[in-house]
Amino acid sequence: MIRFEHVTKRYADGTTAVDDLSFEVAEGELVTLVGPSGCGKTTTMKMVNRLIEPTEGGIFLDGDDISTIDPVELRRRIGYVIQQVGLFPHKTVLENTATVPHLLGWKRGKGRERAAELLDLVGLDPSLYGDRYPEQLSGGQRQRVGVARALAADPPVLLMDEPFGAVDPVVRERLQNEFLKLQAQVRKTVLFVTHDIEEAVRLGDRIAVYGQGRIEQFDSPATVLGAPATPYVADFVGADRGLKRLSVTPIEESDLDQPPVVHLDDPLVTATERLRSEGARWAVVLDGRDNLHGWIPADATTTATAKGTVREHARRMEAWLPLGAPLKQAFATMLQHDAGWIAVIDKESEGRFLGVLTPARLHEALRRSIDADAQDVPRAEVAVETVATA
Ligand SMILES: Nc1ncnc2c1ncn2[C@@H]1O[C@H](COP(=O)(O)OP(=O)(O)OP(=O)(O)O)[C@@H](O)[C@H]1O
Ligand SMILES: [Mg+2]
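Residue numbering for the sequence shown follows full-length UniProt numbering, starting at 1 and increasing by one per position.
Now the structure itself:
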């Protein structure tokens, strides 16, 4: 969808901002460009919509050499969220959002309708916020308007230059989550600039880690964290990259253990025998549809004269997660509930129980994903800190 071929940009004063850059972004892919200040991220981005012209090399959009496309025509196909949002202060939120449709000569009504739709999409009620001016919004709200405005003409490509840079970490995380949901819906091809490795890892399908004017590594977040290509990248992603990896590695079905399972309406006697024969200290309790209900400790069922059913003795399950949740969340959930294991359910089928994740299996899961990514890398180099399983 977007292809850079040996692109170099030298400014008039001799600064080489981008040096022989080649990479490709697939359709519907979100690529984050991450690197320190001044490494050439904004320059890279502005060359895509011809706000800056490369000195050498070519950039292709959908196979077309962009130097042959009229810049105005080109920018119709590319939404742009600039560093520091850049809303027009004298225009309302609705007018700001409708900027591009307006420039494209859409009828006023249609542009406003589209703008209202998009404000809704980014979580701002247009009837509440549409007539406000940017100064009457919080920082996070302004950034949402910036995203809505970039999406207004429904361009296939989005360039986002630190779109969430100007808000505090809590708001930023919320905006990131919302943006991920939005992207799952609209599937744009996105170049997303950030200098925050956490943000790059959370959002990117792939990450381009910039050194000075060059890409040092262009890989999936898991690979960048698990097998940094150079000492520079290793240093940039940080000594805690093992921990960061937890947030990009999902729980898979093969990570789960199968503990004993009893059902709500089982007689307690049956449950007791079951636990005793398997030498288990507890069992998972499921309802009639095999959905997770809770758990039952072995000592609830020790008396041979136990009466009634499992239902009366089942305990609430505090620690559970859907399949596919990141291992980091699994780890956090374990700590929060001081749990030795957490139940994992299938989100798709309204909570069908799939198995449990234990600290030992969590550790294995982390190892497994590192090994898969780092086959070509000497073992010692990928030895990342792991979570204590005690
Ligand atoms: N118009 C210009 N003339 C000369 N040098 C420039 C110009 N614009 C940018 N540069 C230089 O090019 C280099 C790359 O700048 P760029 O704006 O692409 O960095 P960046 O990675 O986006 O940084 P930041 O994270 O601070 O936004 C920097 O050294 C910058 O000083
Ligand atoms: Mg920049």
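C-beta atoms are modelled at their ideal positions from N, C-alpha and C, and glycine is treated no differently. Predicted model, so just to flag it, every value in this text is computed and none were measured.
Sub-8 Å separation of residue i and residue j beta-carbons
i: residue 351; j: residue 257; result: no
i: residue 147; j: residue 96; result: no
i: residue 78; j: residue 21; result: no
i: residue 59; j: residue 4; result: yes
i: residue 361; j: residue 255; result: yes
i: residue 101; j: residue 150; result: no
Unbroken beta strand (DSSP E) run spanning residue i, endpoints
i: residue 455; result: Residue 455 lies beyond the stretch modelled for the chain, which goes from 1 to 390, so this question has no answer here.
i: residue 24; result: 16–25
i: residue 145; result: Taken as a continuous stretch (DSSP letters only), residue 145 belongs to no beta strand (DSSP E), being part of the alpha helix (DSSP H) at 139–151.
i: residue 79; result: 78–81
Helix, strand or coil at residue i according to DSSP, with G and I counted as helix
i: residue 322; result: strand
i: residue 297; result: strand
i: residue 8; result: strand
i: residue 60; result: strand
i: residue 309; result: strand
Distance between residue j and residue i (C-alpha atoms, nearest Å)
i: residue 299; j: residue 266; result: 16 Å
i: residue 317; j: residue 327; result: 19 Å
i: residue 271; j: residue 164; result: 53 Å
i: residue 121; j: residue 11; result: 39 Å
i: residue 297; j: residue 282; result: 4 Å
i: residue 45; j: residue 135; result: 27 Å
i: residue 288; j: residue 331; result: 29 Å
i: residue 358; j: residue 341; result: 5 Å
i: residue 40; j: residue 221; result: 20 Å
i: residue 261; j: residue 209; result: 47 Å
i: residue 1; j: residue 62; result: 5 Å
i: residue 18; j: residue 224; result: 21 Å
i: residue 43; j: residue 353; result: 49 Å
i: residue 204; j: residue 252; result: 20 Å
i: residue 174; j: residue 57; result: 38 Å
i: residue 307; j: residue 313; result: 10 Å
i: residue 336; j: residue 319; result: 8 Å
Boundaries (first-last residue) of the alpha helix (DSSP H) holding residue i
i: residue 218; result: First-last for residue 218: 215–219, but that is the beta strand (DSSP E), not the alpha helix (DSSP H).
i: residue 115; result: 108–121
i: residue 161; result: Where residue 161 is concerned, there is no enclosing alpha helix (DSSP H), although the beta strand (DSSP E) it sits in stretches over 157–161.
i: residue 99; result: 99–103
Residue i beta carbon near ligand 2 (any heavy atom closer than 7 Å)
i: residue 193; result: yes
i: residue 196; result: no
i: residue 205; result: no
i: residue 161; result: yes
Residue i beta carbon near ligand 1 (any heavy atom closer than 7 Å)
i: residue 43; result: yes
i: residue 17; result: yes
i: residue 58; result: no
i: residue 37; result: yes
i: residue 40; result: yes
i: residue 20; result: no
i: residue 133; result: no
i: residue 11; result: yes
CB contact check: residue i to chain C, cutoff 8 Å
i: residue 81; result: The structure shown has no chain C; it contains just one protein chain.
Closer than 7 Å: residue i CB and nearest ligand 4 heavy atom
i: residue 180; result: By its list of ligands, the structure shown excludes ligand 4, since it contains just ligand 1 and ligand 2.
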